[in-house]
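J.: Got a structure for you, questions after.
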Ligand SMILES: Nc1ncnc2c1ncn2[C@@H]1O[C@H](COP(=O)(O)OP(=O)(O)OP(=O)(O)O)[C@@H](O)[C@H]1O
Ligand SMILES: Nc1ncnc2c1ncn2[C@@H]1O[C@H](COP(=O)(O)OP(=O)(O)OP(=O)(O)O)[C@@H](O)[C@H]1O
Ligand SMILES: [Mg+2]
Ligand SMILES: [Mg+2]
C-alpha cells in the first residue's frame with residue numbers, strides 16, 4: 002500500500018474482566034480506504050471500532066490514528082477524537098437540541114466557533130445529507146433514517162479524517178436503510194476513509210476496499226470483497242455468508 | 002375460490018383518534034391459503050392483523066373468522082382467539098416461565114387441561130419446531146431464533162385454524178432468520194391458513210398464495226406473487242419493491 | 329476457552345497480565361482521586377480539616393469519655409454521654425411491657441418476620457410460596473404477639489418498644505400489598521368510574537400528612553362506627569398505616585405493571601386468556617418480581633413512619649426511649665435518647681436498603 | 007338474554023354501577039353513624055367556633071395575630087401562612103441541597119463523594135421525627151442572645167433565631183406603577199428586538215436588577231432597611247426567624263434532599279451512556295458534555311419524582327408542632343381542637359387545607375413538567 | 009349497663025396514663041409502670057377485683073385523652089388532667105376527686121434576678137400545646153396587661169431543653185412538673201420556681217359521663233386511701249388493723265357495715281386497695297417524696313389536719 006496509513010493497529014488486546022474481547026488485532030488502513038468489518042454477533046466488532054477513538058480503552062498493543070498514539074494523555078485523546086467521526090447504531094442524537102444545534106455542538110464547544118459561522122457549516126452538511134429543511138426540528142420528530150443522516154452530518158461537522166460506523170443501519174426499518182446507505186456511498190466516493198461495522202453485504206460488495214471478518218475477538222480474514230464473497234478463505238466465513246445471504 | 006372461506010373482512014375501517022388507520026378493507030382468505038401482507042412502515046399492516054383477533058377493535062365494517070363475527074360479545078371474542086394463533090415481532094414469550102410452561106400456558110388456563118396431558122401436547126410441538134431439548138430453559142437463555150420458534154410452538158398448542166404472524170423475523174439477527182422461516186415454510190406446506198406481515202420477500206415469492214400490498218391504511222393491490230414481483234399493478238408497489246430489494 | 333481458527337491456527341484466549349500493588353499505584357490513586365486539580369485539592373484539604381476538628385471531639389463525647397456502666401445518675405460524667413440508662417432499659421426498648429415469661433414469643437416473631445428477607449433472595453423457591461408466606465406472615469405475627477389459638481391472649485397495651493415498631497411495620501407492609509395491587513389495577517383499568525375513584529383516593533391520600541390520618545383514627549374514627557362498637561387504638565393505627573402506605577405501593581406496582589411489555593398482555597389475550605387470568609399468571613408475577621427493590625425501600629419508609637404513632641401516645645421504640653428519659657432519675661439527658669434511636673434506625677434501615685440495592689442489581693443483571 | 011350479559015359494554019357498566027353503589031352506601035353509612043353518635047353524646051357540629059375568640063398565642067406568625075382578639079379563623083390563617091412560608095423556603099433548600107449532594111456524590115474526588123454518601127445514607131435511613139428532635143436539641147446549643155454570633159453587624163445568630171435586616175416598604179402606589187410600566191415596556195421591546203432566547207433572558211434579568219436598584223435609589227423613602235439590635239431580652243427591629251422554624255427547615259430539607267439527591271443522581275445516570283459517548287466522540291470535553299447534554303436531559307425525568315418529594319416537604323410541616331412550630335396542624339389541629347373540642351371539624355379543616363395546598367403544588371409542577379417535556383417523544 | 013358491670017365482666021380494667029411524666033407515670037426497667045397516677049389505677053383495680061394486676065395501662069397524649077374516655081377505649085383516665093368546669097360540663101366526661109393539688113407556676117433562672125411574674129413583661133415563655141397551661145398563661149398575662157411571647161413545644165424534654173438553653177426566659181407548667189424538671193437539671197439550685205400560682209390545678213381521675221356507679225368507685229377508692237392515711241392504716245399494718253376496734257377503721261376495712269356492697273363491690277374493697285398500694289402518704293413518699301429522687305414537699309397535698317387540702321368524706 003503506497004498511500005499514507007492513517008490507522009495502524011499493532012497486536013491490540015482487550016479484556017472485559019477475564020473475558021478476552023480482542024485478541025492480537027493487527028490492521029492498517031490507508032487514507033481513502035473503505036473497510037467493512039463483519040462477523041457474528043459478539044465477535045468484538047463494536048469493541049474494536051470503539052477502541053479506535055478510545056471510547057473503550059485497549060489493554061495491550063498500540064493504536065495509532067493519524068500519527069497520534071493512543072495513550073493516557075487526555076489531550077492526545079481529544080485530538081484523536083477530533084480526527085475521527087463516529088456514527089452509532091442508535092444515532093445518539095441529543096434529544097433536547099434541535100437538529101441544527103446538534104450539528105453545531107462540536108463546532109461551538111470544541112473549536113469555539115461563533116454561532117453564525119457554525120450554523121453555516123452545519124447547514125451545508127445538512128443539505129448534503131438532504132435534510133436541510135428539517136433543521137429546526139427536534140430529533141424525536143424525525144424518522145429513524147432521517148435521524149441517522151443527521152448523526153452522520155453531525156460527525157462530519159468536525160471535518161474528520163476518518164469516519165467510524167457501528168452498524169449504522171441495523172436499527173432502521175428496511176425502507177430507511179437505503180437512504181442512509183446512499184449517504185455512505187457518496188461519502189465513500191468522495192474519498193473519505195471509512196471503517197464500517199455493518200451487515201449490509203450489498204454495500205460491502207460494492208464499496209468496500211477490504212472486508213475484515215472477525216470471530217471470537219480475532220480477525221480471521223481480511224480480503225477484498227471480490228474474493229471474500231466468492232471464495233472466502235475460512236470455513237467460518239463461508240458458513241456466516243451462507244446464513245446471511247440465504248434469504 | 003371454491004374452498005371454505007375462514008377469514009372474511011367487509012369494508013373494515015379503523016381510526017386512532019382522528020387518524021384513519023384502516024380504510025375500507027375487503028379481504029377473504031380461504032382455508033389453507035398463505036397470505037403475505039406487505040407495505041411501507043405505518044401503512045396499517047400490524048393494525049389490520051391485530052384487528053383479526055380483536056387485539057385492536059375496528060370501528061366500522063364486519064370481520065368474520067371461522068363463521069364467528071367479531072362483536073362486543075366477550076364469549077365470541079374468546080372463541081375467535083382460540084381459533085387463531087398469533088406470533089409477534091418481539092416473541093412475547095413469558096420470561097418467568099420455562100419454555101415448556103410457556104407452551105402449556107394456554108392449554109392449562111384456557112382449556113383447563115391437566116398438566117401431564119398439556120406437557121405431552123407441548124413436547125410434541127416443541128419437537129416439531131426442533132427445540133425439544135430446551136424445554137426446561139427460560140426464554141432469556143435462548144437465542145432470538147429459538148425464542149421465535151418457541152413462540153410459534155406456543156401459538157400452535159391451541160391448535161388454531163389460522164396463524165397470524167406480525168413481522169416474525171424482523172427482530173432477529175440475519176443468521177437466525179432462516180431457521181424461523183424454515184418452520185413457517187413447513188407450516189405452510191402442511192396446509193395451515195396463514196396471514197403473515199413480513200418483509201422477507203424470498204419467503205413471499207416462494208410460499209405466498211397471494212400478496213396484499215397496503216399503503217396509508219388501504220389495500221391497494223392483491224396479487225399472486227408471480228404477478229406482484231414481476232409487474233406490480235401500482236406505481237407505489239413498484240417503488241417499494243425497488244427499495245426493499247435494492248440492497 | 330480454546331476456539332479453533334478455521335485456517336487451522338488456534339486462537340488462544342489469555343488472561344490479562346496481572347498488575348501488582350506498589351507505592352506508585354497508591355500515589356497515582358491519591359493523585360487521581362484526591363488532588364486532581366487545584367480546586368479538588370482545596371476541597372480535599374477542607375474536608376480533612378473539618379473531619380480533623382469535629383471527629384475527635386464527637387468520638388470523645390460518644391465513647392472515650394462516656395460512662396457505660398454504673399448504678400445511677402451519680403456515676404455519669406457531666407460533659408460526655410451517659411449510656412447507663414440505655415443499658416438498664418434495653419430490655420424495655422426491645423420487648424416493651426411484654427410479659428417476661430412470654431418473651432420467647434417476641435423472639436420467634438422477630439425470627440419469623442426477618443425470615444421473609446432471605447426468602448426474597450432465593451430465586452429457586454417458587455413465587456407462589458413466597459407470596460403465600462408474606463400473606464401468612466401477618467397471621468403468624470398476630471398469633472405470636474397478640475395471642476389466640478394456642479397462645480395466651482396478650483393485651484395490645486403490652487406491645488411496645490421495638491416489638492410494636494416491628495409489629496406495625498411488618499403487618500402494615502404485608503396487608504397493604506393486596507390493597508395496593510387492587511388500587512394499581514383500579515388505576516389502570518379502562519372503566520372510567522372505577523379508575524377515577526382509585527385515582528381520587530390515591531391522589532388525596534398522597535396530599536395529606538399521615539399524622540392527620542392518625543389523629544383522625546385516634547380522635548374521631550370511633551364516631552363513624554355504629555354505637556357500642558369500639559376498635560382498639562392499635563388496630564386503628566394499623567388500619568391507617570395499611571391504607572396510607574397502600575397508596576405508595578400502588579404507585580410502585582403500577583409502574584412495574586406498566587414496565588411489563590404490552591406484548592406480554594397481548595400474547596396472553598391472543599391465546600384466549602381473560603383479564604384476570606392474564607393479570608394473575610402473566611403480568612403480576614413479572615411486575616411483583618421487578619418491584620421487590622422498590623417495595624423494600626417502601627418498607628423502609630413505612631418502618632420509619634411508625635415513629636409517628638408516638639405522637640398519639642403509643643410507645644413504639646422512639647416513644648419508649650422518650651418515656652424512660654422522663655424517669656425522675658434520668659431527667660435532663662437530652663441527647664442520648666435521640667442518638668440511640670437514630671443509631672437503631674440507621675443500622676436497621678441501612679442494612680435493609682443495601683439488601684434491596686443488591687436485589688435490584690441482580691434483577692438488572694438477569695434482564696440483560 | 008345471556009348474550010346481553012356477555013356484552014362487553016353492559017358488563018363494564020354493571021361492574022361500575024355496583025362498585026359506585028358500594029362506595030356511596032359505605033359513605034352514607036359512616037355519615038349516618040356519626041350523626042347518631044354525635045347526637046347521642048350531646049356533641050354539636052358546625053363551624054361557628056371559627057368566629058369565636060381563640061385565646062391562645064401562636065409562637066411565630068407572619069400575619070398579625072393577637073391572642074386577645076383574634077378568632078380561630080385567624081389562627082387558621084396564621085397557620086396557613088406559616089405552612090406556606092415553611093414550604094416555600096424548605097422546597098428551595100431541598101432543591102439546592104439535593105443538587106449539591108448529587109454533584110458531590112458524582113464528583114471524582116473520593117473524599118467529597120464519600121462525605122456525600124455518608125450524609126445521604128444517614129439522613130435517609132433515620133425517621134424524620136428523629137431528625138427534627140436532633141436538630142432541635144442542636145439548635146439549643148447555639149449561644150444565647152447576648153453571646154449571639156455576629157454576622158457582619160447586620161445579622162445575628164443565637165438560640166433565639168436568626169435575626170436579619172429587613173426591608174421596610176412604605177407603600178406608595180405611584181413608584182410601583184411607574185416601575186411596572188417601565189419593566190413591561192422593556193420586556194415588550196426585548197421580545198421584538200433580541201432574537202436569541204438565552205441572551206434575552208440574561209438581558210431581562212440585568213435590566214430588572216438595574217431598574218430595581220435605580221428605583222430604590224430614586225424613591226429612596228419608599229424603601230428603608232431595618233437592622234436588628236439587641237434591646238432588653240431580645241433582638242428588636244429587623245426580622246427574626248425563630249429557631250423552630252429554621253431547624254424544622256434544616257431537618258426537613260436535609261432529609262428530603264437526601265432523597266432528592268438520589269433522584270437527581272439516578273436520572274443523571276439514567277441518561278443513556280450513548281449520549282456521553284456521542285459527545286466525547288465529537289472531541290468535546292467531559293464536563294461540557296455533562297453540563298450541556300447530560301444534565302439538561304436528566305432534568306426532564308427529575309420533575310415527577312421531585313414533585314412527590316416536594317409534597318412530602320409540605321406535609322412535613324405538620325410535624326413542626328413537635329418542636330413548637332405552629333403550622334395548620336399546630337393551630338387548627340392542635341390548640342383550637344383542644345380548646346373547642348370540635349375534633350371532626352378541626353381535622354377536616356386541616357386535611358382540606360393540606361390537600362388544597364398540595365394539589366396546587368402538584369398542578370404547578372405538572373405544568374412545569376409539561377413545559378419541560380422533550381419534543382416529538 | 010354501667011361501666012362497673014362492664015369492667016367486672018371483662019375482668020381487667022383499662023387505665024389511661026401519661027406516656028412519661030416523672031413521679032406520676034414512668035416505666036421501670038422491666039416496663040412496669042410506676043408513679044402517683046399509676047398507683048391510683050392500681051388501687052381501683054384492687055378495689056374492684058381484689059387484685060391490682062388486673063389492669064391494663066394505655067398511654068395517652070394530651071389531645072386524645074378525653075376522647076378515649078368517651079369512646080370507651082379506657083375506663084378511667086389518670087393522666088394529671090385538670091378538673092375544669094368546661095371539661096366536666098361539655099365533653100361527655102365526669103370528674104372524680106382531686107388526687108393531687110397543683111398550681112401552674114413559672115420557673116426562671118436565678119441569675120435573672122426575677123422575683124415575681126410581674127417582672128417578666130415581654131419575656132418568652134415555654135409551654136405545651138393542648139393543655140390548660142396554654143390558656144392560663146394567656147389569661148394571666150392578659151388580665152394584668154402584660155405581654156409575653158409563647159413558645160409551644162410538644163414534648164416536656166424538648167421544652168426543658170429549650171429553657172435550659174435560654175431559648176425561652178421562663179417555662180410554665182404545673183409546679184410539680186417544674187420541680188421534677190428542675191431536679192433533672194445540671195444545677196437545680198440555679199433555677200427558681202416563682203411563688204405565684206397563676207392557676208388552680210386540681211389533678212385527678214376522669215371517668216365517662218353517665219356511669220355513676222363507676223364514678224363512685226373511683227372517687228371513693230381515692231378517698232379511702234386518703235382516709236387510710238388519716239387513720240394510720242398502712243400497707244404493712246392493714247392486716248393487724250382488720251382486728252382493730254376503732255369503728256372508723258373497721259368500717260373502712262369492711263369488717264363492719266356494708267359500704268362495699270353498696271358500691272357494688274366486695275366489702276373488703278378498701279382493704280384490698282390499701283393492701284395493694286398503701287395509703288396516700290405512702291404512695292406520695294414512694295413516688296414524689298423522700299423515697300424518690302424528686303423530694304417534693306407535701307404542701308397542699310398534706311392532710312387537712314396538717315395544713316393541706318386533702319380531705320376525705322366520712323366513711324359512714
Ligand atoms: N462493557 C462490557 N463488559 C463486559 N463484556 C462486554 C462489554 N461490552 C462487550 N462485552 C462482550 O464483549 C464481546 C464483544 O462485544 P461486541 O459488542 O464488540 O460484539 P459485536 O461484534 O459488536 O456484536 P454485535 O453484532 O451483537 O453488536 C461480547 O461477548 C460482549 O458480551
Ligand atoms: N395505539 C395507537 N394510537 C395511535 N396511532 C397508532 C396506534 N397504533 C398505530 N398507530 C398509527 O397507525 C398507523 C399504522 O400503524 P401500524 O402499526 O399498523 O403500521 P405498520 O404497517 O405495521 O408499520 P410497521 O411496518 O412500522 O410495523 C401508523 O401511522 C401508526 O402511527
Ligand atoms: Mg456491536
Ligand atoms: Mg407493524
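Residue numbers (my numbering), protein chains in the order written: chain A, 2 to 248; chain B, 2 to 248; chain C, 329 to 696; chain D, 7 to 383; chain E, 9 to 324.
Just so you know, even glycine gets a beta-carbon here, dropped at the ideal spot from N, CA and C.
(1) For residue 332(C), count the other beta carbons within 10 Å of its own beta carbon; 16 or more makes it buried, fewer makes it exposed. Which is it?
(2) State yes or no: is the C-beta of residue 48(A) nearer than 6 angstroms to some heavy atom of ligand 1?
(3) Closest to residue 30(D) by C-alpha separation, out of 380(C), 522(C) and 461(C), would be which residue?
(4) Looking at the C-beta of residue 350(D), does it have a partner C-beta in chain C at a distance below 7 angstroms?
(5) Taking the Cβ atom as the reference point for each residue, do residue 198(B) and residue 26(B) lie within a distance shorter than 7 angstroms?
(6) Return the residues of the segment 160-173 of chain D that lie within a Cβ-Cβ distance of less than 8 angstroms from chain E, sorted by chain order.
(7) Is it buried or exposed for residue 59(A), if we count other Cβ within 10 angstroms and need 16 for buried?
(8) Is the segment 583-592 of chain C touching the segment 89-97 of chain B in the sense that three or more CB pairs, one from each, lie closer than 8 angstroms?
(9) Counting only the same chain and skipping the five closest in sequence on each side, list residues whose C-beta sits under 7 angstroms from that of residue 403(C).
(10) Following a CB-centred definition, is residue 43(A) positioned closer than 6 angstroms to any heavy atom of ligand 1?
(11) May I have the straight-line CA-CA distance separating residue 115(A) from residue 211(B), to the nearest angstrom?
(12) Going by the C-beta, is residue 461(C) closer than 6 angstroms to any heavy atom of ligand 1?
(13) Could you tell me whether any Cβ in chain E is nearer than 7 angstroms to the Cβ of residue 3(D)?
(14) How would you label residue 191(B), buried or exposed, when you count the other beta carbons within 10 angstroms and need 16 or more for buried?
(15) Contact between the segment 238-256 of chain D and the segment 285-302 of chain D: three or more CB pairs below 8 angstroms?
(16) Please list, in chain order, the chain D residues whose beta carbon lies closer than 7 angstroms to that of residue 168(A).
(17) DSSP three-state label for residue 306(E), please.
(18) Give, in chain order, every unbroken run of the beta strand (DSSP E) that is at least 3 residues long and sits entirely within the segment 129-157 of chain E.
(19) In whole angstroms, what is the alpha-carbon distance linking residue 249(E) and residue 141(E)?
(20) With a floor of 3 residues, list each beta strand (DSSP E) that falls wholly inside the segment 156-205 of chain A, ordered by position along the chain.
(21) Helix, strand or coil for residue 332(C) per DSSP?
(22) Tell me, please, whether the segment 169-186 of chain E touches the segment 353-362 of chain D by the rule of three or more beta-carbon pairs shorter than 8 angstroms.
(23) Drop a sphere of 10 angstroms on the beta-carbon of residue 633(C), count the other beta-carbons inside from all chains shown, and report buried for 16 or more, exposed for fewer.
(24) Kindly indicate which residue of 72(A), 39(A) and 19(A) has the alpha-carbon position closest to the one of residue 209(A).
(25) Is residue 22(B) near ligand 2, in the sense that its beta carbon is under 6 angstroms from a heavy atom of that ligand?
(26) Measuring alpha carbon to alpha carbon, tell me which of 99(D), 160(D) and 71(D) ends up nearest residue 236(D).
(27) Hey, is residue 17(B) close to ligand 2, as in C-beta under 6 angstroms from one of its heavy atoms?
(28) For a contact meaning CB atoms closer than 9 angstroms, what does residue 148(D) contact in chain C?
T.: Let me spell this out:
(1) Taking the third chain and counting its residues from 1, one reaches residue 332(C) at position 4. At residue 332(C), the pLDDT of 40 sits below 50, so the modelled position is not reliable and the matter cannot be decided from this model.
(2) Position 47 of the first chain, counted from the first residue, corresponds to residue 48(A). Yes.
(3) Numbered from 1 along the fourth chain, position 24 holds the residue referred to as residue 30(D). Distance check between residue 30(D) and each of 380(C), 522(C) and 461(C) places 522(C) closest, using alpha-carbon atoms only.
(4) Here residue 350(D) refers to the residue found at position 344 when the fourth chain is read from its first residue. Against chain C, the CB of residue 350(D) has a partner CB under 7 angstroms away; the residue lies at that interface.
(5) Locating residue 198(B) in the second chain gives position 197, where the first residue counts as 1. Locating residue 26(B) in the second chain gives position 25, where the first residue counts as 1. No, Cβ-Cβ distance for residue 198(B) and residue 26(B) is not below 7 angstroms.
(6) For the segment 160-173 of chain D, which is checked against every Cβ of chain E, the residues closer than 8 angstroms are 165 and 166.
(7) Counted from its first residue, the first chain places residue 59(A) at position 58. A residue is called buried when at least 16 other Cβ atoms come within 10 angstroms of its Cβ; residue 59(A) meets this threshold and is buried.
(8) In the pairwise beta carbon analysis, the segment 89-97 of chain B is classified as touching the segment 583-592 of chain C: at least three pairs are separated by under 8 angstroms.
(9) Stepping through the third chain from its first residue, residue 403(C) is reached at position 75. Once the five neighbours on either side are set aside, the close Cβ partners of residue 403(C) are 395 and 412.
(10) As a position in the first chain, residue 43(A) is number 42, starting the count at 1. Closer than 6 angstroms to some heavy atom of ligand 1: that describes the Cβ of residue 43(A).
(11) Taking the first residue of the first chain as 1, we reach residue 115(A) at position 114. Taking the first residue of the second chain as 1, we reach residue 211(B) at position 210. Roughly 59 angstroms separates the two Cα atoms.
(12) The sequence position of residue 461(C) within the third chain is 133, counting from 1. At a threshold of 6 angstroms, residue 461(C) does not count as near ligand 1, since its beta carbon sits no closer than that to any of the ligand's heavy atoms.
(13) This structure leaves residue 3(D) out entirely; chain D is present only between 7 and 383.
(14) Reading the second chain from its first residue, position 190 is the one you call residue 191(B). Looking at its Cβ environment, which holds fewer than 16 other Cβ atoms inside 10 Å, residue 191(B) is exposed.
(15) Below 8 angstroms, too few C-beta pairs join the segment 238-256 of chain D and the segment 285-302 of chain D to call them touching: fewer than three.
(16) The residue labelled residue 168(A) in the question sits at position 167 within the first chain. Near residue 168(A) there are no residues of chain D at all, since even the closest Cβ is about 13 angstroms away, more than 7 angstroms.
(17) Within the fifth chain, the letter at position 298 stands for residue 306(E). Residue 306(E): coil per DSSP, three-state reduction.
(18) The segment 129-157 of chain E contains, as complete beta strand (DSSP E) runs of 3+ residues, the segments 131-135 (chain order).
(19) As a position in the fifth chain, residue 249(E) is number 241, starting the count at 1. As a position in the fifth chain, residue 141(E) is number 133, starting the count at 1. The straight-line gap from Cα to Cα measures roughly 43 angstroms.
(20) Within the segment 156-205 of chain A, the complete beta strand (DSSP E) runs of at least 3 residues are 163-167 and 194-198.
(21) Residue numbering aside, residue 332(C) sits at position 4 when the third chain is read from its first letter. Any reading at residue 332(C) needs caution, since the residue's pLDDT is 40, under 50, leaving its predicted position unreliable; the model's value is listed next. If DSSP states are grouped into helix, strand and coil, residue 332(C) belongs with the strands.
(22) No: fewer than three Cβ pairs fall under 8 angstroms.
(23) Within the third chain, the letter at position 305 stands for residue 633(C). The residue in question, residue 633(C), is buried, as its Cβ has 16 or more Cβ neighbours within 10 Å.
(24) Here residue 209(A) refers to the residue found at position 208 of the first chain. Among 72(A), 39(A) and 19(A), the Cα nearest to that of residue 209(A) belongs to 39(A).
(25) On the second chain, position 21 is the one that residue 22(B) refers to. Because some heavy atom of ligand 2 lies under 6 angstroms away, the Cβ of residue 22(B) counts as near it: yes.
(26) For the purposes of this step, residue 236(D) is taken as the residue at position 230 of the fourth chain. With distances taken between Cα atoms, residue 236(D) lies closest to 160(D).
(27) Position 16 of the second chain, counting from 1, holds the residue named residue 17(B). Answer for residue 17(B): yes, Cβ within range of ligand 2.
(28) For this step, residue 148(D) is matched to residue 142 along the fourth chain. Within 9 angstroms Cβ-Cβ: nothing; residue 148(D) doesn't reach chain C, min ~14 angstroms.
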